[in-house]
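Student: Encoded as structure tokens, here's the structure I'll be asking about.
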Amino acid sequence: MPILKNIAAIAKGMSITFMEMFQPTEVENYPDGPGPLKGAKFQERFRGVHVLQRDENGLEKCVACFLCAANCPSNCIYIEAAENTAENRVSGAERYAKVYNIDYNRCIFCGYCVEACPTDAITHGHGFELATFNASNLVYRKEQMLAPMPAHMGANAVFNQAEVNQGAPAVPVQGV
Amino acid sequence: MADAPKLVNLTVDGKKLTAPAGSLLIDACKNVGIEVPSFCYYPNLSLQGACRMCLVRVEKMPKLQTACTTVVAEGMVVATDNEEIKQARKAMVELLLGNHPLDCPVCDAGGECELQDMTFSYGAAESKYMEPKNHKDEQQWSPVVFFDRPRCILCYRCVRVCGEGMDVWALGVQNRGVSSIIAPNKEDHLECEECGMCIDICPVGALTSGAYRYKTRPWEMNHVGTTCAHCADGCKTTLGVRRADEGMEIVRGDNRDKSGINNDFLCMKGRYAFDFANHEDRLTQPLIRKNGKLTPSTWEEAFELVGKKLNEVRMRDGGSAIGVIGSTHTTNEENYLLQKFARAVLESNNIDHHRTADFPALAAVLSGKQEITASMRDVYNAPAILLIGNDPTEQHPLLAWQIRNNVRLHGAKLHIINSEPIKLRRQATSFTQIPVGAELNAASFLAGDDSALNAITASASRENWAALRNQLRNTENLVIIFGSEIRGAAVTAVTHLASSISGAKVIALADYANSRGASDMGLYPDLLPGYHPAAKSGLTLPQMAENAKSGKLKALYVVGSNPLARFHLDSQIFAGTFVVVQDMFLTETATIADVVLPAANLYEKTGTITNTCGDVQIVKKASEVNGPKSDFEMIVRIADAMGYDVRNLVPFGRGETADMGQSRGAQSGEADRHAVWLQANNLEPKLSPFDPMAIFDEIQRLVPGYRVSRLNLLSGNDEHTQLSQSGPGAKHDPALIVPAHDNLFSSGTLGRYSRALNSVMENRNPQPAEVAAD
Ligand code: SF4
Ligand code: SF4
Ligand code: SF4
Ligand code: SF4
Ligand code: SF4
Ligand code: FES
Chain V
1 MPILKNIAAI AKGMSITFME MFQPTEVENY PDGPGPLKGA KFQERFRGVH
51 VLQRDENGLE KCVACFLCAA NCPSNCIYIE AAENTAENRV SGAERYAKVY
101 NIDYNRCIFC GYCVEACPTD AITHGHGFEL ATFNASNLVY RKEQMLAPMP
151 AHMGANAVFN QAEVNQGAPA VPVQGV
Chain L
177 MADAPKLVNL TVDGKKLTAP AGSLLIDACK NVGIEVPSFC YYPNLSLQGA
227 CRMCLVRVEK MPKLQTACTT VVAEGMVVAT DNEEIKQARK AMVELLLGNH
277 PLDCPVCDAG GECELQDMTF SYGAAESKYM EPKNHKDEQQ WSPVVFFDRP
327 RCILCYRCVR VCGEGMDVWA LGVQNRGVSS IIAPNKEDHL ECEECGMCID
377 ICPVGALTSG AYRYKTRPWE MNHVGTTCAH CADGCKTTLG VRRADEGMEI
427 VRGDNRDKSG INNDFLCMKG RYAFDFANHE DRLTQPLIRK NGKLTPSTWE
477 EAFELVGKKL NEVRMRDGGS AIGVIGSTHT TNEENYLLQK FARAVLESNN
527 IDHHRTADFP ALAAVLSGKQ EITASMRDVY NAPAILLIGN DPTEQHPLLA
577 WQIRNNVRLH GAKLHIINSE PIKLRRQATS FTQIPVGAEL NAASFLAGDD
627 SALNAITASA SRENWAALRN QLRNTENLVI IFGSEIRGAA VTAVTHLASS
677 ISGAKVIALA DYANSRGASD MGLYPDLLPG YHPAAKSGLT LPQMAENAKS
727 GKLKALYVVG SNPLARFHLD SQIFAGTFVV VQDMFLTETA TIADVVLPAA
777 NLYEKTGTIT NTCGDVQIVK KASEVNGPKS DFEMIVRIAD AMGYDVRNLV
827 PFGRGETADM GQSRGAQSGE ADRHAVWLQA NNLEPKLSPF DPMAIFDEIQ
877 RLVPGYRVSR LNLLSGNDEH TQLSQSGPGA KHDPALIVPA HDNLFSSGTL
927 GRYSRALNSV MENRNPQPAE VAAD
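Same order as they appear, the protein sequences are chains V and L. Letter by letter, the first sequence follows residues 1 to 176 of this note's numbering. Letter by letter, the second sequence follows residues 177 to 950 of this note's numbering.
This is the structure in structure tokens:
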């Protein structure tokens, strides 16, 4: 009997609806939730604002190879490379990124840069509160994305005296 | 050389092909598009057979053969691509990578590295070795040459190009077998010509350049093909430019695509000395003298002042009270425009430039003759060359390269007559030393005047001279190259010699990038563009200085020149003269100016320039510094400020045809490529008064030698202009020619502000002893 079949199907469907109706409500209470994330919850693999990592000696992992920039489909990574010297050693290799900008107006959080990086220097963090009234705020500089010093070296320590002397903030400014 | 070479038939990968007998298998394959990988093989260098990447299977031969040393033979059957060969090549790559750091992410060669490409093609990136790699720190061999030993794959290209190509022999090999290393001539550093050919030719990132290393990556740059801004040889160069805080910055110069007259050659200056553009002393704002001090001003204010003052002088004292000094570093279009501006707007024939060769005299003898000037390409192909005066190794590096390689590869005969034992004598068939200043006598004797010999030589060597003359007279297609020692009457003598020899051609050597262009475009008080005499002759540069002293010269307009320093003029003499200077830097002349206008250099604008042989080439805008303007624009703006209708100066607007992007340089993309076609056919609308191509039209109309193929020129090739098609020229006082005496590491004002050149100069001992040839 087709009619009976249809009724059964509808009853089955509605039963789920009614069952859910009496479950307790579960929505993320962002931004009024507790904790630093204000109630937001993430999967581990969530791709948020990038973090430029440091090695165990506190040196930047990025060697300014430009591969992330080359791989970036929206062409939003801008790098200027410079040579490490004995007085001003920033990364572990010969070269470091003097300027490393990501333009979040354009970044599509595809993770291709992370894939490309030969030194695991660039990773996606969980920062997501990027909204701003001024688009130029969305061009993030290296200092905004750099990971803090490793804990055994004192997190948030001065990360490069030479740069601080040139006017960089002595404590890394964290992206949200 | 003369007969067509015999052809042989062979089969490669099942394809039947023919190749000239005696050619190499690797070339025969490449010519038909069959890729045979190679590291150590390099065209025009001696064969090395060191890398064994080019292994191929030749039937009936027991083992795999190296294609780079195998000569083609009739009926040869070759396989270049099968499992066996792939395996062999993979094994070669694996061995090369045995101690290779593979630090591609920080290696300058990354992205254009031949080893990287091979590793990708043959896949041997994993090593079977367990031992840690043997690391060696990078060494600095000279201000511009760095060596990273573990990256070296011992292809010996650098050793060969330095020895065979440059005749410097500064690089060598130490030890044998696996412990071979490339070593510089002074134990831990180099003393050489710093040409960077070794860096350029290195297939990997072992030799790196001080100017470019760790700055950027090949794919991050824009590449602009233009012409070198230094000496008068006109090497084509591809500049790598990248964005910088104040515009576009040049980070690299090379000519890897081997286009142009210089193939892949560039000297130290072309390869590194573009950094003057970003020198911190560069002027970026107009300066006006207020209360005795040069103070920054706006462009409008500056142009208005210059226009007003020049108008005043012209109205009150007439055009003859205004002097104009042009540049040897500006484009043909700017030079043409400048003389037009002087003659039409300022109504003055007082226009001159720093002369470094006697082109008017040459034009005078050549006018109406057959084609008789040689191009830079001829120097590489001529069967014989006579070089009188000059030291090309120092002053004309490309010319010297062409001569050396012509001798080495084609067995050309080189005859040198010089007052100094110049280095090129090592390539010479005959070298004749003459007393300083005796070049005229030598030329006259060769032209047939026997009495001229008395002044030069003792009777003993008379026979040698006569023999030389006979030999030269019987040499067909001789190319005669002469330096600025040959001027006035001597030019006539040399040209007589040339016209008595069948197929002989001449080259007069000037000193700066567009010395020839300045001359061709009529920066002379008595000559119009194309060496046509002016109706009324004006003042030469020294006469202008005289007139300034006596108070008769009321205004002086200097474009890209530094007469004060060059002619050792007293700065006081210009006290009563209104001086306007357009330059990149505050030169001696600029410091006494009333208005200084910051100018763009040859790498920052578009136009054409002519090398000393008469080869016209295009220059394209590569870099950019915020602030300065091109001389072209400034001349037009001054004319405008004087109330002159600029339409009469630069033909533009409706019905005129122009710039579709060429002058925008690195930033312009597609538009350029279409525009080349339109431009070549003179179809594009000319919309702007600042468009050099509008003036180039006029040059092509009025200067007969410049009626060359626009299409060829605009697509980056050289076009030879014939001086013989020009006007009657003129005889000038030879003393007006002041040689620049630049050497390999100096380049007038540009050189003074180039960090690269200065660092080499500082690093150099007074004069290194000449290195003995192997
Ligand atoms: S983040 Fe990684 S890929 Fe990007 S430049 Fe730095 S090292 Fe290279
Ligand atoms: S030489 Fe080539 S393969 Fe070797 S590290 Fe440099 S880029 Fe990589
Ligand atoms: S820079 Fe030129 S001269 Fe010097 S070692 Fe290299 S190839 Fe030889
Ligand atoms: S330095 Fe470069 S060019 Fe010279 S042998 Fe080594 S790999 Fe070859
Ligand atoms: S030879 Fe002359 S034109 Fe060529 S790169 Fe050197 S300076 Fe420039
Ligand atoms: S290219 Fe043939 S052995 Fe190196």
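Cβ coordinates follow ideal geometry from the N, Cα and C atoms, glycine included.
Ligand 6 and isoleucine 119 of chain L: does any heavy atom of the ligand fall closer than 8 Å to the residue's C-beta?
Tutor: Since the first residue of chain L shown is 177 and the last is 950, residue 119 of chain L is not available in this structure.
Student: Contact criterion: CB-CB distance below 9 Å. Does leucine 67 of chain V meet it with respect to chain L?
Tutor: Numbered from 1 along the first sequence, position 67 holds the residue referred to as residue 67 of chain V. Chain L contact via Cβ: present.
Student: State yes or no: is the beta carbon of glycine 286 of chain L nearer than 9 Å to at least one beta carbon in chain V?
Tutor: Numbered from 1 along the second sequence, position 110 holds the residue referred to as residue 286 of chain L. Chain V contact via Cβ: present.
Student: At 7 Å on the CB atoms, spell out the chain L contacts of glutamate 20 of chain V, in chain order.
Tutor: Position 20 of the first sequence, counted from the start, is the residue given in the question as residue 20 of chain V. Under the 7 Å cutoff, chain L gives no residues; its nearest Cβ is about 52 Å from glutamate 20 of chain V.
Student: In this structure, does DSSP put threonine 504 of chain L in helix, strand or coil?
Tutor: For the purposes of this step, residue 504 of chain L is identified with residue 328 of the second sequence, where counting begins at 1. Threonine 504 of chain L: coil per DSSP, three-state reduction.
Student: May I ask you to report which of helix, strand or coil DSSP gives glycine 953 of chain L?
Tutor: Only positions 177 to 950 of chain L appear in this structure, which leaves residue 953 of chain L out of reach.
Student: Which same chain residues, not among the five before or five after proline 360 of chain L, have their C-beta less than 7 Å away from its C-beta?
Tutor: Taking the first residue of the second sequence as 1, we reach residue 360 of chain L at position 184. Closer than 7 Å at the Cβ level, and outside the excluded window around proline 360 of chain L, lie Trp317, Ala346, Leu347 and Leu366.
Student: In chain order, what are the residue ranges of uninterrupted alpha helix (DSSP H) at least 4 long that sit wholly in the stretch 741-825 of chain L?
Tutor: If we require 4 residues or more, the alpha helix (DSSP H) runs fully inside the stretch 741-825 of chain L come out as 764-767 and 807-817.
Student: Sorted by chain position, which residues of the same chain lie with C-beta nearer than 6 Å to aspartate 457 of chain L's C-beta, five sequence neighbours on each side aside?
Tutor: Locating residue 457 of chain L in the second sequence gives position 281, counting from the first residue. Correct list, in chain order: Phe761.
Student: Three Cβ pairs or more, each shorter than 8 Å: is that satisfied between the stretch 558-565 of chain L and the stretch 649-668 of chain L?
Tutor: The stretch 558-565 of chain L, when compared against the stretch 649-668 of chain L, does touch it at the 8 Å Cβ threshold.
Student: For glycine 127 of chain V versus glycine 48 of chain V, is the C-beta distance shorter than 9 Å?
Tutor: Residue mapping note: residue 127 of chain V aligns to position 127 of the first sequence, counting from 1. Residue mapping note: residue 48 of chain V aligns to position 48 of the first sequence, counting from 1. Yes. Within cutoff.
Student: Using a Cβ cut-off of 9 Å, which residues of the stretch 370-402 of chain L contact any Cβ in chain V, in chain order?
Tutor: For the stretch 370-402 of chain L, which is checked against every Cβ of chain V, the residues closer than 9 Å are Arg389, Tyr390, Lys391, Thr392, Arg393, Trp395 and Glu396.
Student: Distance cutoff 9 Å, beta carbons only. Does alanine 932 of chain L sit that close to anything in chain V?
Tutor: As a working mapping, residue 932 of chain L is identified with position 756 in the second sequence. No - not a single Cβ of chain V is within 9 Å of the one on alanine 932 of chain L.
Student: Quick one, are the C-beta atoms of leucine 685 of chain L and glutamine 571 of chain L less than 9 Å apart?
Tutor: Along the second sequence, one-based indexing puts residue 685 of chain L at 509. Along the second sequence, one-based indexing puts residue 571 of chain L at 395. Yes, these two residues count as a Cβ contact at 9 Å.
Student: For ligand 3, any of its heavy atoms closer than 8 Å to the Cβ of cysteine 158 of chain L?
Tutor: Residue numbering for chain L in the displayed model covers 177 to 950; residue 158 of chain L lies beyond these limits and cannot be assessed.
Student: Please confirm whether any heavy atom of ligand 4 lies closer than 8 Å to the CB of proline 379 of chain L.
Tutor: Counted from its first residue, the second sequence places residue 379 of chain L at position 203. Checking every heavy atom of ligand 4 against the Cβ of proline 379 of chain L, one is found closer than 8 Å.
Student: Are the CB atoms of serine 118 of chain V and arginine 54 of chain V nearer to each other than 9 Å?
Tutor: By 1-based counting over the first sequence, the position of residue 118 of chain V is 118. By 1-based counting over the first sequence, the position of residue 54 of chain V is 54. For the record, residue 118 of chain V in the displayed sequence is proline; it is not serine. No, they are not a contact pair.
Student: Roughly how many angstroms lie between the CA atoms of leucine 600 of chain L and arginine 638 of chain L, to the nearest whole one?
Tutor: In the second sequence, the residue the question calls residue 600 of chain L occupies position 424. In the second sequence, the residue the question calls residue 638 of chain L occupies position 462. Taking the straight line joining both Cα atoms gives about 23 Å.
Student: Looking at aspartate 279 of chain L and ligand 2, is the gap between the Cβ and the nearest heavy atom below 8 Å?
Tutor: What you label residue 279 of chain L is simply residue 103 of the second sequence in a count that begins at 1. Checking the Cβ of aspartate 279 of chain L against ligand 2 gives yes.
Student: Do aspartate 626 of chain L and ligand 5 come close, with the Cβ less than 8 Å from some heavy atom?
Tutor: Within the second sequence, numbered from 1, the residue matching residue 626 of chain L stands at position 450. Checking every heavy atom of ligand 5 against the Cβ of aspartate 626 of chain L, none is found closer than 8 Å.
Student: Using CA atoms only, rank isn't needed, just tell me which of L:Ser930, L:Asn738, L:Tyr779 and L:Asn787 is closest to alanine 766 of chain L.
Tutor: Looking up residue 766 of chain L in the second sequence gives position 590. Ranking the options by Cα distance to alanine 766 of chain L, first place goes to L:Asn738.
Student: What does the alpha-carbon distance come out to for the pair glycine 706 of chain L and lysine 516 of chain L?
Tutor: Within the second sequence, the letter at position 530 stands for residue 706 of chain L. Within the second sequence, the letter at position 340 stands for residue 516 of chain L. Whole-angstrom Cα-Cα distance: 13 Å.
Student: Below 8 Å on the Cβ atoms is my guess for threonine 788 of chain L versus isoleucine 683 of chain L; work out the distance and round it to an integer in Å.
Tutor: Taking the first residue of the second sequence as 1, we reach residue 788 of chain L at position 612. Taking the first residue of the second sequence as 1, we reach residue 683 of chain L at position 507. That pair is a contact at about 7 Å.
Student: Report the residue from V:Lys12, V:Pro2 and V:Tyr96 whose alpha carbon sits nearest the alpha carbon of leucine 59 of chain V.
Tutor: Working through the first sequence from its first residue, we reach residue 59 of chain V at position 59. With distances taken between Cα atoms, leucine 59 of chain V lies closest to V:Tyr96.
Student: Within the 9 Å Cβ cut-off, does valine 114 of chain V reach chain L?
Tutor: As a position in the first sequence, residue 114 of chain V is number 114, starting the count at 1. Not one chain L Cβ lies under 9 Å of valine 114 of chain V.
Student: Under 8 Å: does the beta carbon of cysteine 789 of chain L sit that close to some heavy atom of ligand 5?
Tutor: Locating residue 789 of chain L in the second sequence gives position 613, where the first residue counts as 1. For ligand 5, not one heavy atom lies less than 8 Å from the Cβ of cysteine 789 of chain L.
Student: Using only the alpha-carbon positions, how far apart do phenylalanine 452 of chain L and valine 63 of chain V sit?
Tutor: Along the second sequence, read from residue 1 onward, the residue named residue 452 of chain L stands at position 276. Along the first sequence, read from residue 1 onward, the residue named residue 63 of chain V stands at position 63. Phenylalanine 452 of chain L and valine 63 of chain V: Cα-Cα distance of roughly 28 Å.
Student: Can a CB atom of chain V be found closer than 9 Å to the CB of aspartate 279 of chain L?
Tutor: As a first step, residue 279 of chain L must be located in the second sequence, where it is residue number 103. So yes, aspartate 279 of chain L belongs to the interface.
Student: Report the residue ranges of all beta strand (DSSP E) runs contained in full by the stretch 364-445 of chain L; include only those spanning at least 3 residues, in chain order.
Tutor: Here the runs fully enclosed are 383-385, 398-403, 412-420 and 423-430.
Student: Which residues in the same chain have their Cβ closer than 6 Å to the Cβ of methionine 177 of chain L, if we skip the five residues on either side of it in sequence?
Tutor: Indexing the second sequence from 1 puts residue 177 of chain L at position 1. Unreliable placement is indicated for methionine 177 of chain L, whose pLDDT of 44 sits below 50; the coordinate value is still reported in the next sentence. Here the set comprises nothing.
Student: Run through the DSSP bridge pairs and tell me what leucine 590 of chain L is partnered with.
Tutor: For the purposes of this step, residue 590 of chain L is taken as the residue at position 414 of the second sequence. Leucine 590 of chain L pairs with L:Ile561.
Student: Give me the Cα-Cα distance between methionine 177 of chain V and alanine 135 of chain V, rounded to the nearest whole angstrom.
Tutor: What the structure shows of chain V is the stretch from 1 to 176, and residue 177 of chain V is not part of that stretch, so it cannot be assessed.
Student: Taking the alpha carbon of methionine 424 of chain L as the reference point, which residue from L:Phe450, L:Lys412, L:Ala405 and L:Asp816 has its own alpha carbon closest?
Tutor: By 1-based counting over the second sequence, the position of residue 424 of chain L is 248. Closest option to methionine 424 of chain L, Cα to Cα, is L:Phe450.
Student: Is there at least one Cβ from chain L nearer than 9 Å to threonine 119 of chain V's Cβ?
Tutor: If you number the first sequence from 1, residue 119 of chain V lands on position 119. Yes, threonine 119 of chain V lies at the interface with chain L (some Cβ there is under 9 Å from its Cβ).
Student: Can a CB atom of chain L be found closer than 9 Å to the CB of alanine 82 of chain V?
Tutor: By 1-based counting over the first sequence, the position of residue 82 of chain V is 82. Chain L contact via Cβ: present.
Student: May I ask you to check if the CB of cysteine 331 of chain L is nearer than 8 Å to at least one heavy atom of ligand 6?
Tutor: What you label residue 331 of chain L is simply residue 155 of the second sequence in a count that begins at 1. Yes, the beta carbon of cysteine 331 of chain L sits closer than 8 Å to at least one heavy atom of ligand 6.
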